[in-house]
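Participant: Here it is: the structure, laid out below.
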Amino acid sequence: MNKPACRVVTYEMEGLLATLTGTRAKAWTPQTGPDTRCGVDYYYAHSSGKEAYINVDQGHFTVSVDGESIFSGDPTDDPKLKRFVCER
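Just so you know, we're using the working numbering here: the sequence shown kicks off at 11 and counts up by one.
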């Protein structure tokens with residue numbers, strides 16, 4: 011009996027944030043934050059004091075920095091961002 015294939019997707023959020031903001035990936039550090047109960051939430055702080063929020067819901071990303079939306083969509087559709095998504 012054949013089992014359905016399992017698809018594992020990982021994201022390199024610091025790199026994604028660095029590309030979107032023109033900063034360095036090492037300057038972003040994960041933070042804890044509230045759960046919106048819609049998809050998966052990620053919170054990051056930049057060494058400059060900026061705060062980023064990333065929500066991933068069924069492959070759709072919403073990224074905001076200091077409350078301003080800077081990206082909405084699928085990063086695999088963007089040539090600059092797709093390198094931060096690994097599918098196996």
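By construction, the Cβ of each residue, glycine as well, lies at the ideal position given by its N, Cα and C atoms.
Please report how far the alpha carbon of I64 lies from the alpha carbon of N12, in whole angstroms.
Facilitator: Cα to Cα, I64 sits roughly 36 Å from N12.
Participant: Does DSSP put E22 in a helix, in a strand, or in coil?
Facilitator: Three-state DSSP puts E22 in coil, outside helix and strand.
Participant: Looking at L26 and I80, is the spacing between their C-beta atoms short of 8 Å?
Facilitator: In this structure, L26 does not lie closer than 8 Å to I80 by Cβ.
Participant: Grab the span of the beta strand (DSSP E) containing N12 for me, first residue to last.
Facilitator: Per DSSP, N12 belongs to no beta strand (DSSP E) and is neither H nor E.
Participant: Under a Cβ-count criterion, where at least 16 other Cβ atoms within 10 Å of its own Cβ denotes burial, should P89 be classed as buried or exposed?
Facilitator: By the neighbour-count rule (16 or more Cβ atoms within 10 Å), P89 is not buried but exposed.
Participant: When the Cα of G43 is compared with those of R34, E61 and G32, which residue comes out closest?
Facilitator: The shortest C-alpha separation from G43 is found at E61.
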